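Residue numbers (UniProt numbering): 1 to 103.
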């Protein structure tokens with residue numbers, strides 16, 4: 001019974017997740033999907049943009065090696081240099097997320 005509840009809760013959480021709109025990416029499709037999933041997880045756990053960015057950055061540092069940078073917000077400009085195949089800029093709902101890696 002509890003397994004059924006957990007499965008149902010997980011399905012509800014996934015269906016309630018915000019849809020991602022990728023605006024620009026220089027990243028493999030698999031890594032893009034991972035970035036979106038980590039960001040969705042962060043937005044479920046945290047309400048403050050700084051905390052969301054911290055979670056995404058730390059997760060990618062741990063999974064993909066250092067040094068990742070993450071900016072989260074509704075209104076910002078940017079111009080960055082990144083490692084090839086390590087950049088994504090996307091929206092989850094009204095929130096923009098910029099994630100990239102440098103040496």
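Cβ atoms here follow ideal geometry from the backbone N, Cα and C, with glycine treated the same way. Computed from a predicted structure; not experimentally measured.
Own chain, CB closer than 7 Å to residue i, minus 5 neighbours either side, in chain order
{"i": "residue 92", "result": "18, 20, 39, 40, 43"}
{"i": "residue 83", "result": "101, 102, 103"}
{"i": "residue 32", "result": "22, 25, 88"}
{"i": "residue 80", "result": "100"}
DSSP state of residue i mapped onto helix, strand, coil
{"i": "residue 57", "result": "helix"}
{"i": "residue 38", "result": "helix"}
{"i": "residue 104", "result": "Here the chain comprises residues numbered 1 to 103, so residue 104 is not present and cannot be evaluated."}
{"i": "residue 85", "result": "coil"}
Chain-order list of residues whose beta-carbon lies under 6 Å from that of residue i (same chain, five-residue window excluded)
{"i": "residue 70", "result": "53, 56, 57, 99"}
{"i": "residue 67", "result": "102"}
Among the options, the one whose alpha carbon lies nearest that of residue i
{"i": "residue 36", "options": "59, 67, 79", "result": "59"}
{"i": "residue 75", "options": "49, 61, 16, 27", "result": "49"}
{"i": "residue 61", "options": "80, 94, 34, 90", "result": "34"}
C-beta atoms of residue i and residue j nearer than 8 Å
{"i": "residue 73", "j": "residue 96", "result": "yes"}
{"i": "residue 85", "j": "residue 27", "result": "yes"}
Residue(s) in a DSSP beta bridge with residue i
{"i": "residue 46", "result": "Beta-bridge pairing links residue 46 to no other residue."}
Same chain only: Cβ atoms within 8 Å of residue i, ignoring 5 sequence neighbours per side
{"i": "residue 94", "result": "74"}
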